[in-house]
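Note that the sequence shown covers residues 10 to 802 in my numbering. All C-beta atoms in this analysis are idealised placements derived from N, C-alpha and C, irrespective of residue type, glycine included. Because the structure is a prediction, the values reported are computed rather than measured.
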Amino acid sequence: MSEEQAQQRIKADPKVGLTKEQVQRQIELDLVNHNADVPTKSIKRIIIDNTLTLFNVINIILGIAVFLVGSYKNLLFLGVMFCNIAIGIFQEIRAKRTIDKLSIISSVKVKVIRDGKIQEIGVNDIVLDDILELSNGNQIPSDCILISGNCDVNESLLTGESDSIHKQKGDKLLSGSFIVSGSCRARVECVGKDNYASSISAQTKYIKKINSEIMDTLNKIIKIVTFFIVPIGVGLAIHQYNIHGDIKETVLSTVTQLIGMIPEGLILLTSTVLAVSVIRLSKHKVLVQELYCIETLARVDVLCLDKTGTITEGCMELVDVIPYGDNKSEQLEKALTALTSALDDNNATFVAIREKFHNDTDWVGNNIMPFSSEKKWSGANFEKEGTYVIGAAEFILKDKIPQELSKLLQKYSKGYRSLIIVHSKNDFNERDLPDDLEICGLLLLVDKIRAEAPQTLQYFDEQGVEIKVISGDNVLTVSDVARRAGVKNYDKYIDATTLKTDEDIEKAILENTVFGRVTPAQKKKFVQALQANGHTVAMTGDGVNDVLALKEADCSVAMASGSDAARNVSQLVLLNSNFASMPKVVAEGRRTINNIERSASLFLVKTIYMTVLAIIFLFVNTAAPFEPIQMTLVNAFTIGIPSFILALEPNKNRIKGSFFNNIVKSSLPGGLASVVSVMLVIISESILKISHEQYVTLAVAVVSVMGIIVLFEKCLPFNKLRIALFVTMIAGLAIGILCFRNLFSLTLFTGKMTINLVIIFAICVLIFWIFRKITRHIVNKVEAKQSIKKVNC
């Protein structure tokens, strides 16, 4: 807070609060609790990001050139670009609206004292120095100082520590925490961006590079093509004009070669397949905010988990009731049943007891003493049975804890929250405990493990994903939770308060599995240290204390039940806050990556042969044979339709190797064989003296045949769907070439052309097989060297 703001403070009477005039003054000074959460992208930003790309700019320039020469049918290639833009914009706006709705649902009214009356206002209408009325269940909307009353506060969304903290007059209440018991009035000390939660969120307002091999590969291909496309385009246009002597023919042949160099359909395929994955995951209550994170999660090798809300449900579970001394279990159970019936306490501890003991009772309660933050116990006096009280031993017995009980409490201190139940024949002494307390038994409670957590953690272990449990809670408590959830190496734990330097943090995260008392900044450093050591890191969380790490992680997963800030910075949001959805995301990522990888090689075949041919046509005294609409036909039946069908097939195989190396290995033989086939057509044109129309038709036919050869390999092993696909694509090509000659500017096949096509086909099959052997050998050697280098690192 600035010095100027400090001078403008108003010390209002807690019973009266601010007056209408004082509120207006604070508003005029802009001392209002403006929303400072991390915002979702604006619709304008989403549209700009999906429209103004290098890929789109190149296509628009080429489209304008075709339009200006009046060949409108050859503008069909722009359809791919518009589809790609539409899919990207639709998906991001859909995700934005879902997150915005969650924020609206989670926003609530807050009670303030103004002009001596309790009023309900919106969280964003709070002003500095407002007097808040807070009670059990309320979320604290702004940093404030407690001025009357007392309460227990859960700060887990801010600190990760699940234990409630007792607050009394003069203590600070942090925005984002919850009142779990008690009631109080508090004066607002900070508003808007000055709040503790907002100060953490503000550190996430930077653009994070997306970690995606698919995206990086596509960008790499586009950069390489872009580097060559301008000089090749200019040189090709000049050379083709010298051959044709006609602007329209020059533009069409040049544009065709340049379009072929860009794997435009691959970008559309990737967006479409990822969008389909988003739809599939939405059925499992998973919201995808960033398309490529589906791929990233499938590649993750370290998963960092927040304890509260991820492994645990954020509530307590009563696991055992141990009789003390001569007391019997049956009597204890009756007493606990009677207490849960008589008391209305709804804190986490009592809810857990009530869940276990909720049957009917014939005990009649005379005097009820509900739980209070100050006393730390609750109880009831019954007509015939006397008084029973539940609470922490140190608050009920104070310094009179028997040695035997002390040993028991020490024994269960690791992993359990221990309470005692005591009995007295006497009634309460006004509001205080009765005399002559007898210890009846111990109640052992633990953080409740999510039912699906052990199975989910086992799945990740089987997939070779290392688990790190990171929490702000006590390290022994976190270790015990990890043990009960089935985390391997749960006994390798460390208290993060002992980590003083970045070197300490790096060593700790590599050697340990469980981390307690971790600050938000340390969580972020843990993620960075793992990334620096070559790991792909996913982070799950739900609180403000997690947002720095969520933003930094390669893949971030938030629970919908958590804070707005956590949801807004995360790439995935589990709408039902169910950790069990994670394996479904991994499986969907595998299907996506493996299928895109297979289909991508079809597109790259075209990019390879069209790029090489563009360079060749700079030097040979022959017209480039293709028009855009002819390549649209070839691409549709040898690449476009097959790739989309193959990319949507089931595929649960583990991801192997580099995406870039895999698609190069698969596409290079087909691309180079296609170049050879077109060169054979050029040679045959001069030898056989065929017409230009026959030359063009033969060139289209040979690249179509090569496309079918490549498709044949991609369909192996054949199943019913792939057989139907393969036969249909051949039929589609044949019908297009033979029956729609005028539309595609082709001519009838002669006997001479057919013989020539068969000879070229035989040669190219042999060349394709040779190139395939050589390419796989070279790429395998490169991958082996990369693996050795990675291991050494």
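### Task
Could you name the residues that DSSP lists as bridge partners for ASN390?
ASN376 and THR396
### Simplified DSSP state of GLU164, which is helix, strand or coil
coil
### Message
Runs of 4 residues minimum, wholly inside the stretch 726-771: which ones carry the alpha helix (DSSP H) assignment?
### Response
729-748
### Task
Grab the span of the alpha helix (DSSP H) containing PRO634 for me, first residue to last.
Per DSSP, PRO634 belongs to no alpha helix (DSSP H) and is neither H nor E.
### Task
Check whether the Cβ atoms of ILE476 and PHE469 lie closer than 8 angstroms to each other.
yes
### Query
What is the C-beta distance between THR647 and GLY716, in whole angstroms, given that I count them as a contact (C-beta under 8 angstroms)?
3 angstroms
### Query
Which residue comes first and which comes last in the beta strand (DSSP E) that contains CYS313?
311-315
### Alpha-carbon to alpha-carbon, ILE746 and THR706
8 angstroms
### Query
Using DSSP with H/G/I as helix, E/B as strand and the rest coil, what is VAL200?
coil
### Query
Along the chain, which unbroken stretches of the alpha helix (DSSP H) at least 4 residues long are found entirely within the stretch 54-102?
63-77
### Query
Would you call ILE787 buried or exposed, if buried means 16 or more other Cβ atoms sit within 10 Å of its Cβ?
exposed
### Span separating the alpha-carbon of ASP766 from that of LEU697
According to the sequence shown, residue 766 is Leu rather than Asp. Their Cα atoms are separated by approximately 13 angstroms.
### Query
Should ILE271 go down as buried or exposed, given a rule of 16 or more other Cβ atoms within 10 Å for buried?
buried
### Query
Should GLY450 go down as buried or exposed, given a rule of 16 or more other Cβ atoms within 10 Å for buried?
buried
### Exposure label - ILE36; buried when at least 16 CB within 10 Å
exposed
### Task
Confirm, please, whether the CB-CB distance from PHE777 to GLY679 is below 8 angstroms.
yes
### Separation of PHE653 from LEU730, as counted between CA atoms
13 angstroms
### Query
Where does ILE114 fall in DSSP's three states?
Residue confidence is low: ILE114 scores 40 on pLDDT, short of 50, so the model does not pin down where it sits. Its coordinate-derived value is still stated next. Note: ILE114 maps to helix in three-state DSSP.
### Task
Evaluate contact between the stretch 364-371 and the stretch 398-408, counting only Cβ atoms and requiring at least three cross-stretch pairs below 8 angstroms.
no
### Message
Under DSSP, the alpha helix (DSSP H) around THR235 begins and ends at which residues?
### Response
222-253
### Task
Would you be able to state if there are at least three C-beta pairs under 8 angstroms between the stretch 627-636 and the stretch 258-266?
yes
### Message
I believe LYS118 touches GLY131 by the beta-carbon criterion, under 8 angstroms. Please report the beta-carbon distance rounded to the nearest angstrom.
### Response
6 angstroms
### Task
If I'm right that LEU452 touches LEU327 with Cβ under 8 angstroms, what's the distance once you round it to whole angstroms?
6 angstroms
### Query
Among residues of its own chain, excluding the 5 on either side of ILE410, which ones have a beta-carbon nearer than 8 angstroms to its beta-carbon?
ALA402, GLU403 and LEU418
### Query
Taking the continuous beta strand (DSSP E) assigned at CYS324, which residues delimit it?
321-332
### Query
Is DSSP giving GLU471 helix, strand or coil here?
helix
### Message
Between CYS313, GLY79, GLY244 and PHE236, which has its C-alpha nearest THR549's C-alpha?
### Response
CYS313
### Query
Is the Cβ-Cβ distance between LEU539 and VAL546 less than 8 angstroms?
yes
### Query
What is the DSSP secondary structure of ARG785, counted as helix, strand or coil?
helix
### Query
For the 8 angstroms Cβ check, are there 3 or more pairs between the stretch 593-602 and the stretch 655-671?
yes
### Query
If we ignore side chains and look at the alpha-carbon of each, how far apart do LEU414 and HIS432 end up?
15 angstroms
### Query
How would you write the range of the alpha helix (DSSP H) that VAL527 sits in, first residue to last?
First-last for VAL527: undefined, no H or E at that position.
### Message
Quick check on PHE236: buried or exposed, where buried means 16 or more other Cβ atoms within 10 Å of its Cβ?
### Response
exposed
### Message
Can you tell me whether VAL800 is helix, strand or coil according to DSSP?
### Response
Any reading at VAL800 must be qualified, since the residue scores a pLDDT of 48, below 50, and its modelled position is unreliable; the value itself is stated next. It is helical.
### Query
Looking only at DSSP bridge pairs, what is ALA195 linked to?
LEU141 and LEU155
### Query
Applying the criterion that 16 or more other CB atoms from any shown protein chain within 10 Å of the CB defines a buried residue, is GLY88 buried or exposed?
exposed
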